[in-house]
Amino acid sequence: MSRALTLTTLIVSSLALVVSGWTALRLHQSQAEDRVITARGLVIQDGSGQARVILGAPVPDPLSKGLSQGPRASPLSGMILLGADGSERGGYGTADVGDEAMLTLDDASGTTEVFKVTANPDRGATLVIKHQNSTGAMLTSWQGKPELIFVGDNGQSHYVRPSAPSAP
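Each step along the sequence shown adds one to the number in my numbering, with nothing skipped, and position 59 is 88.
In structure tokens form, the structure reads like this:
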């Protein structure tokens, strides 16, 4: 019986060494600098478990205090930044519809885009800076000509456009 126990112990020990060696090899390979991770999304959480950064293709619908605010205007692939309360504070991505690239920064509630840059290969680029009281400015080239628009808190727009070239 003692010999059978010794043989069993030897076999189990050998298997344990093989398994631990294989595991160590796989762990080393998974940490290799040239390793590529393929995924549809990644959520990075803070110390309390709150999502703070979301990478996705596509990213989820806009969030305010961790709750969905309805669907995005178009599916978006990229990175979303969330505040400590779970509200979307901005992001960077590409829209599936319109082929636009966007960079946004939102107010603390996650309901107002206070800074937005949009680049569209067919329509040019637009920069919007906005305050929560609806005042703001927009610089755009989407109509093929530079245009600067100021909006007052009463909603009235003031346009600044380059003058048309004078006839000779």
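Idealized CB from N, CA, C, for every residue including glycine.
What are the start and end residues of the beta strand (DSSP E) that includes Asn183?
Neither: Asn183 is in no beta strand (DSSP E) and is coded neither H nor E.
request  = Kindly identify the DSSP beta-bridge partner or partners of Glu176.
outcome  = Thr169
Mind checking who Gln79 pairs with in its DSSP beta bridge?
Bridge partners of Gln79: none, in fact.
For this session: Would you identify the three-state DSSP class for Ile66, choosing helix, strand or coil?
Result: coil
Next on the checklist: Which residue marks the beginning of the beta strand (DSSP E) containing Ala137, and which one marks its end?
Outcome noted: Segment: none, Ala137 is in no beta strand (DSSP E) and carries neither H nor E.
- How long is the line joining the alpha carbons of Gly120 and Arg55, rounded to whole angstroms? So the two alpha carbons sit approximately 35 Å from each other.
Quiz item: Given Leu177, which residues of its chain have a CB within under 6 Å of its CB, disregarding the five upstream and five downstream residues?
Solution: Around Leu177: Leu168, Val189.
Environment of Asp128 [buried if 16+ CB atoms lie within 10 Å]
exposed
Exposed or buried, Asp151, counting other C-beta atoms within 10 Å across all chains shown (16 or more means buried)? Its Cβ having fewer than 16 others within 10 Å, Asp151 is exposed.
Is Leu139 buried or exposed, if buried means 16 or more other CB atoms sit within 10 Å of its CB? Just to set this straight, residue 139 is Gly in the shown sequence, not Leu. By the neighbour-count criterion, in which 16 or more other beta carbons inside 10 Å mark a residue as buried, Gly139 falls on the buried side.
**Study point:** Extent of the continuous beta strand (DSSP E) to which Gly107 belongs
**Key:** 105-111
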